[in-house]
Amino acid sequence: MAIGVKTLNLSAGLDKFVLLVGTGFRNLKMNAEGLEKLTKHVQYVTFHREDANKDEPPTGKLRETISLFLVAYIFPGCEVPGSTLPERMVADGYTTCFRCDSIAKLESSIIDCFSEKGEWVLDIFSERRKLALAAMEMGRNAIAVTPDKEDLENLGDYLRTLAMQNDDSYSTIDGLVSEY
1 MAIGVKTLNL
11 SAGLDKFVLL
21 VGTGFRNLKM
31 NAEGLEKLTK
41 HVQYVTFHRE
51 DANKDEPPTG
61 KLRETISLFL
71 VAYIFPGCEV
81 PGSTLPERMV
91 ADGYTTCFRC
101 DSIAKLESSI
111 IDCFSEKGEW
121 VLDIFSERRK
131 LALAAMEMGR
141 NAIAVTPDKE
151 DLENLGDYLR
161 TLAMQNDDSY
171 STIDGLVSEY
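Sequential numbering from 1 applies to the sequence shown in the working numbering.
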């Protein structure tokens, strides 16, 4: 998948970008090693959400509030050991542990950290996330891709509702979901 994203970006003329990859603990090492074949610049990142699993019944275990991700910095020469980033590729002030009180705050923090206004955000396997919405609200272009049509329909319904509440000239013509 990472090679496909790199190929897509290169074909669009983007030779510098950040790839954020969700991973489970059991697959962390394997996924990191896979990304390190593309770039020697990979970091582990945790996303801590205070609201995660609060509504779940007690299990006798610790409440899960952390998601594990890997960040891969892709740029010309990134596969060379000892190479350095050609420029700053994230916003200043962030660490490898994102602590947020809600999913909405987490999504806006991700967009703020890893992109700038006018850039593109590609959310692959978006599921029920609204990362694309956070990106658009913050002046980015965004594409959400998921194999589950229902997830895209839910995002489309959410966006249409927002648009109808905020824009009297909004057209209800659907163009958000495409099947191949």
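Note that beta-carbon positions come from the ideal geometry of N, C-alpha and C, so glycine has one too.
Taking buried to mean at least 16 other C-beta atoms within 10 Å of its own C-beta, is residue i buried or exposed?
i, result
"Leu8", "exposed"
"Leu85", "exposed"
"Glu116", "exposed"
"Thr96", "exposed"
"Ser169", "exposed"
"Lys6", "buried"
"Glu87", "exposed"
"Glu107", "buried"
"Asn31", "buried"
"Phe209", "Limits of the chain in this structure are 1 at one end and 180 at the other, which puts residue 209 out of reach."
"Val21", "buried"
"Leu155", "buried"
Do residue j and residue i count as a contact pair if the criterion is CB distance below 7 angstroms?
i, j, result
"Ile143", "Leu159", "no"
"Asp15", "Pro76", "yes"
"Ala2", "Leu28", "no"
"Glu234", "Asp112", "This structure cannot settle anything about residue 234, because the visible part of the chain is limited to 1 through 180."
"Leu62", "Thr23", "no"
Which residue from the options puts its Cα closest to that of residue i?
i, options, result
"Phe114", "Ser102, Asp55, Val90", "Val90"
"Glu64", "Cys78, Phe47, Val80", "Phe47"
"Ala104", "Met138, Val145, Phe125", "Met138"
"Leu35", "Glu107, Glu56, Leu19", "Leu19"
"Ile110", "Arg26, Phe98, Glu119, Gly118", "Phe98"
"Arg140", "Met30, Thr146, Tyr94, Gly118", "Gly118"
"Ala52", "Thr59, Trp120, Ile66, Leu155", "Ile66"
"Ala12", "Gly60, Arg26, Trp120", "Trp120"
"Gly4", "Arg128, Ile124, Lys149, Asp92", "Ile124"
Practice task
Output the residue ranges of the beta strand (DSSP E) runs that lie fully inside the stretch 90–118 and measure 3 residues or longer, sorted by chain position.
Solution key: 97–100
Practice task
Report yes or no: do the stretch 38–47 and the stretch 72–83 share at least 3 C-beta pairs separated by less than 8 angstroms?
Solution key: yes
Exercise for the section: Would you check if the stretch 122–139 and the stretch 153–167 touch, i.e. whether three or more CB-CB distances between them fall below 8 angstroms? Expected result: yes
Problem - Inside the stretch 36–96 only - beta strand (DSSP E) runs reaching at least 3 residues - result: 42–49, 66–74
Problem - beta strand (DSSP E) runs wholly inside the stretch 134–173, at least 3 long, in chain order - result: 141–145
Exercise for the section: Identify every run of the beta strand (DSSP E) within the stretch 2–36, keeping only runs that are complete inside it and at least 3 residues long; order them along the chain. Expected result: 17–23
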